Structures are given as structure tokens and as C-alpha cells.
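Q: Structure below; questions to follow.
Number of protein chains: 2
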Amino acid sequence: MMKQYQGYLIDLDGTMYRGEEKIEAAADFVKQLHDKNIPYLFVTNNSSRTPEQVAAKLNAMNIAATPEHVFTTSMATANYISEQIHSAAKVYMIGEEGLEHALKAKGLNMVDNEAEVVIMGIDREINYEKLSKACLAVRAGATFISTNGDVAIPNERGLLPGNGSLTAVVEVSTGVKAVYIGKPEAIIVNQALEVLGTPMEKTVMVGDNYQTDIMAGINAGMDTIIVHTGVTSKEQLETVEIQPTWSIASLDEWEF
Amino acid sequence: MMKQYQGYLIDLDGTMYRGEEKIEAAADFVKQLHDKNIPYLFVTNNSSRTPEQVAAKLNAMNIAATPEHVFTTSMATANYISEQIHSAAKVYMIGEEGLEHALKAKGLNMVDNEAEVVIMGIDREINYEKLSKACLAVRAGATFISTNGDVAIPNERGLLPGNGSLTAVVEVSTGVKAVYIGKPEAIIVNQALEVLGTPMEKTVMVGDNYQTDIMAGINAGMDTIIVHTGVTSKEQLETVEIQPTWSIASLDEWEF
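Spelled out as C-alpha cells, the structure:
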């Protein structure tokens, strides 16, 4: 007997698809949420894309999604700065389109010098000058924020450096630890719950990665569903201390 | 009463000069070594320059030096790979001219793929593709070596990211710690002693930075002289547990 949740936070890579590959049960899972009018929100640590781009990718896989169904760590970062620092903060950003889009949408002030906040998201155009500017600003006292701590990005070549490893340059050089926004932090989950509008105790987090998705749910105090279609295997899950609320091999096992 | 040393290992930045600025006592200190026929070797964690370039800089400051008086961490790295791995090892290098020059001079095989060894030295042309190649090779089992762990480089703009902070990208992403060659490791000191040809217990390490120069001497079991013309102040020195053998405000206080 499964619990009736009023809202779903859903991971993307490994849960809805694997890179460019469909996960067959995903489209039907989301269709059921849609048909039953159960609110859902995709929550992703990928800071590089805009909600429009994410929704388009999902639609191409027949998954029901509008940009309003997407909550990226870039959006969570922009909200965090706007709420915790100030709404016109001067920010120096290292990152790609999705992050720039989110920061500008919040009306934050993008600067090259005298930044109050340094933000790092994955940037495949990273270079020494960008890293230097970030180090100088952090040493000068700027608040240091990282969209997410993922150390590796799966790719057809293997595991490439993730944003957590790029963030390490500035952390190691300056001795200042970044504030991380993305999963497994509760910050992104609490913001996503606010967007979704359902109460935490009646909402569930769905994902394939124990260390990020499930830990994010646990850290925020929510129920969680792990689905073994991505990073964390059944065997690996046996070794962790705090178990997810539910564990399924595929999303089609889930009874709403 | 100062001890009569038969050989000197001497740091550069902060000891012989500060960036582009002369340290007045340096030229005379080296002149006395030269005139007394005491062997000396400049030992530097700067992997970016060739011995010829380093000697030219010293000569421009009236400091007696030939390329044979210079031992860089790039040379130490090339020696280490040649001796500890093998003399025709396939290496993937991230670094600048000094490192490339040293690796080629040892006859190592520079490759882009299927590297047996990944070497990181400071590279101000660092980019995501270089970091990706390093991560993929290290995950595939390549030995991971870093020329030096310095986290920051002083510059007229402030402290810029040092090689230790760039190395952190690959360490954090792969979970593999690099073997560090430069000061404070004993590896570079033991090699420098071999080049200098004087016995460890009759040679002294001279430098301004307690954490790198002096710790390198201590780790190698040598006597050390700290000179307070660079990084470590007298006050900071009071807080460290293992004191250098000698401590002077300026090299002109030293009696040979």
C-alpha cells in the first residue's frame, strides 16, 4: 500500500531519462500525475539550461512538462541571493546560459569587478582569468556560492569534471568554502516546495541518486522514492544508513 | 657562531627577489657563495619557466647564476617519472613551457590519449577540455602527479589560483590524490641534493616560506635558514612547532 502524496518533486537525469536515452516508464509516470491533477515539479542540479530548454527536452521524450514544471539549481541560486543577500546584489558569475538567464530574471546585477557575491555553476568555457576574478573577489570578502557540488558529469566519453570540482579551485585557493544550493542541500528542496505549493509532509522526492536526490529529501525532512534506473544500485542502497521511504526498480511499479 | 655548510639550496621568490622587485642582500649573498666556491642550487616550485629563463632573470638582478644553478619542480617531476615509472612513459601534461621543456628533455612521451601518467603544473591556458582529459585518464588508471601544491600565486592584482588549486579539480572529481613533487615534499629536495652533490647533513635550505621551503628542508632532514623577506613573518614563525635551524631578518645577516 503506497501513501497518497499531494505533490511530487522529480529528478531528471537517471529518473526521467539517461543522457539522451529515454527511460520508458517515465512518460507514463508523469502522465498519471498530470491526469490525476497531482502537482509535480522537476528539480535539477543542472545549472546550464533554462527551464524552456529542459521542458523542450522532456516534451521530445513525450513527457508532459511546461517551463513552469522545471526548477533548476540556477533558479534556486538566484532566489537565494535575492532573498538572503539583496535583490540588486552585484554578482560575479562563472557559468553557462541557464545560470545567466536565472540571475538576470531575478534582476541581479552582473559585474566583473567589486562583486558582493561570487557564483559558480558548471562552465565548459572555464579559464584562468575567470577563476582569478572569482578568487580575488572571494578574498576581498564576496559571499561565495556554488550552484551544486556534483563532482562529475556523465558523458559518452566517461565522467567529466562537475561543478563541485571546479568550485574546488576557488575553495582551495582562498580557503573559503562555498555555500552550495543544489541537491543534497535542503535549500533547493525548500524553494521547490514553495514553488510547488504542497506541504512538505505530503510531498515526495523521486530520484535515482541516493547521495543527491534522496539525501536532499532526507535533509529537507521529506519522504523519498529511490528508483534504480540511474546512479544508485539496489546493492549500493543496502550499505546506506538512512533508507529512502520507498525503493522501486522502475517508475511503473509505483501505485498512485 | 654559524655552522659552515658545504652546500646551499636556495629559494627564489621572497628570498632572491619579490616578483619583479630586487631583494638587495640577495646578490651579495650569492656572490659570497660564488667567491668561496660553495656549491649552491636555486630550488623553485615555479614549473612555468625553463632554467635558462630563470637564470636570465637572476642575472638581470646581478645574481650569479647559470642554468645549471637552477632546479625547478618541472625538472624534479620529469626525473621522478623517469625513475619511478619508466623513462619512455606516455604522459598527458597540463602545464606551461617550463614543464613541457623538462618532460621533453627527459625523453618522455607526450600524448593526448592513453596516458600512463597525468601531470599537472600551473597552466594559465587551463580549460575544460584539458581538465576533462586529465580526469578521464586518471579514472582509467593513470598515475596522477602534480608539480606543486601551492594554492596561490602572488601577483600585482593579488593572490591568483596556484597549481594546487587547479590540481584540486581532478582530485575532487576523481577522488584520486595527486603525488606532489615540489616543496614542502622531500622529493624535490632529495633530487636537488643529488644535483648539488653535497651531503644532506652538510647542506642547508634557505627560504622565506615556512610552509614550503622550510618544511621541505625539515621533511628531507636538512638544516634550514628562514629569512623574513617574503611570506612568513617573525610573528608567524613563533606559532610553529618545529623551528628552522636559523632565522634571520635579511640575508646580509648571514655569516659564512
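Note that the protein sequences, when read in sequence, are chains H and Y.
Here this note's numbering is used: position 136 in the first sequence is 316, and no number is missing along the way.
Here this note's numbering is used: position 195 in the second sequence is 375, and no number is missing along the way.
Backbone N, C-alpha and C define an ideal beta-carbon position, used for all residues, glycine too.
Being a predicted model, the structure only gives us computed values, none of them experimental.
Applying the criterion that 16 or more other CB atoms from any shown protein chain within 10 Å of the CB defines a buried residue, is Y:Pro379 buried or exposed?
A: Burial call: exposed.
Q: Using a 10 Å radius around the Cβ and a threshold of 16 neighbouring Cβ atoms, would you call H:Gln184 buried or exposed?
A: Answer is exposed; the Cβ neighbour count stays below 16.
Q: Which residues of chain H have a Cβ atom closer than 7 Å to the Cβ of Y:Val331, listed in chain order?
A: By Cβ distance, chain H contributes Val352 and Ser353.
Q: For the putative contact between H:Thr383 and H:Met402, defined by C-beta atoms under 8 Å, what is the C-beta separation to the nearest angstrom?
A: The Cβ separation is near 6 Å, so the contact holds.
Q: In whole angstroms, what separates the C-alpha of H:Glu305 from that of H:Thr425?
A: If you take the alpha carbons of H:Glu305 and H:Thr425, they lie about 40 Å apart.
Q: In the DSSP assignment, find the alpha helix (DSSP H) that holds Y:Ile368 and state where it starts and stops.
A: Start and end: Ala366 to Leu376.
Q: If you run the structure through DSSP and keep just helix, strand and coil, what is H:Lys270?
A: In the structure shown, H:Lys270 sits in a strand (DSSP, three-state: E or B).
Q: In the stretch 284-304 of chain H, which residues sit with their C-beta less than 8 Å from some C-beta in chain Y, listed in chain order?
A: Residues passing the 8 Å Cβ filter: Asp303 and Arg304.
Q: Looking at H:Ala358: is its Cβ nearer than 9 Å to the Cβ of H:Ile325?
A: A contact, by the Cβ cut-off of 9 Å.
Q: Just to confirm, are H:Ile361 and H:Thr195 a CB contact at a threshold of 9 Å?
A: For H:Ile361 and H:Thr195, no; Cβs fall outside 9 Å.
Q: Mapping the DSSP letters down to three states, classify Y:Ser326 as helix, strand or coil.
A: Three-state DSSP puts Y:Ser326 in a strand.
Q: Alpha carbon to alpha carbon, how far is Y:Ala282 from H:Lys310?
A: So the two alpha carbons sit approximately 28 Å from each other.
Q: Quick check on DSSP: helix, strand or coil for Y:Asp393?
A: Y:Asp393 falls in the helix class under three-state DSSP.
Q: Excluding the five sequence neighbours on either side, which residues of its own chain have a C-beta within less than 7 Å of the C-beta of Y:Ile367, listed in chain order?
A: Ala256, Tyr260 and Ile361, listed in sequence order.
Q: So, does the CB of Y:Leu340 fall closer than 9 Å to a CB anywhere in chain H?
A: For Y:Leu340, the answer is yes, since a Cβ of chain H falls inside 9 Å of its Cβ.
Q: Classify H:Met181 as buried or exposed, calling it buried when 16 or more other Cβ atoms lie within 10 Å of its own Cβ.
A: Below a pLDDT of 50, predicted positions are generally treated as unreliable, and H:Met181, at 42, falls in that range; no measurement from the model is reported.
Q: Have a look at Y:Asp191 and H:Leu221 and give me their C-alpha separation to the nearest angstrom.
A: About 58 Å.
Q: Between which two residues does the beta strand (DSSP E) holding H:Ala332 run?
A: From DSSP, the beta strand (DSSP E) with H:Ala332 extends over Ala332 to Asn335.
Q: Please check if any C-beta of chain Y sits within less than 9 Å of the C-beta of H:Tyr308.
A: Yes, H:Tyr308 counts as interfacial toward chain Y.
Q: Output the distance between the C-alpha atoms of Y:Ile203 and Y:Phe251, rounded to the nearest integer angstrom.
A: Distance between the alpha carbons of Y:Ile203 and Y:Phe251 is about 20 Å.
Q: With a cut-off of 8 Å on the beta carbons, I'd call H:Lys313 and H:Asn289 a contact; round off their distance for me.
A: No, H:Lys313 and H:Asn289 are not in contact; Cβ-Cβ is about 15 Å, not under 8 Å.
Q: Using 8 Å for Cβ pairs, my map puts H:Val223 next to H:Leu279. What's the rounded Cβ distance?
A: H:Val223 to H:Leu279, Cβ: 16 Å. No contact.
Q: What residues are listed by DSSP as bridge partners for Y:Glu263?
A: DSSP output for Y:Glu263 lists no bridge partner at all.
Q: To which residues of the same chain is Y:Thr155 closer than 6 Å at the C-beta, ignoring the five residues directly before and after it?
A: With chain Y covering 181 to 436 only, the question about residue 155 of chain Y has no answer from this structure.
Q: Does the CB of Y:Ser345 have a neighbour CB from chain H at under 9 Å?
A: Chain H, which has a Cβ nearer than 9 Å to the Cβ of Y:Ser345, makes this yes.
Q: With DSSP as the reference, label Y:Asn399 as helix, strand or coil.
A: Looking at Y:Asn399 - three-state DSSP - the assignment turns out to be helix.
Q: CA-CA distance, Y:Asn335 and Y:Val350?
A: Roughly 25 Å separates the two Cα atoms.
Q: Which chain H residues are close to Y:Ser227, counting only those with a beta carbon under 8 Å from its beta carbon?
A: Simply none; closest approach about 15 Å.
Q: I'd like to confirm the pairing. Which residues does DSSP put opposite Y:Ile190 in its beta bridges?
A: DSSP, once it has assigned bridges, lists Y:Phe222 and Y:Val386 as partnering Y:Ile190.
Q: Name, please, each residue of chain H whose Cβ falls closer than 9 Å to the Cβ of Y:Val359.
A: In chain order: nothing, as chain H lies at least about 17 Å away.
Q: Is the beta carbon of H:Thr404 sitting closer than 9 Å to the one on H:Val386?
A: Taking 9 Å as the Cβ cut-off, H:Thr404 and H:Val386 qualify as a contacting pair.
Q: Mind checking whether H:Asp388 and H:Ala205 have CB atoms under 9 Å apart?
A: No, Cβ-Cβ distance for H:Asp388 and H:Ala205 is not below 9 Å.
Q: How should H:Arg337 be labelled, buried or exposed, when 16 other C-beta atoms within 10 angstroms of its C-beta is the threshold for buried?
A: Exposed, since its Cβ has fewer than 16 Cβ neighbours within 10 Å.
Q: Name the residue from H:Cys315, H:Ala372 and H:Gly187 whose alpha carbon lies nearest to the alpha carbon of H:Lys363.
A: Residue H:Ala372 is the option with its Cα nearest to H:Lys363.
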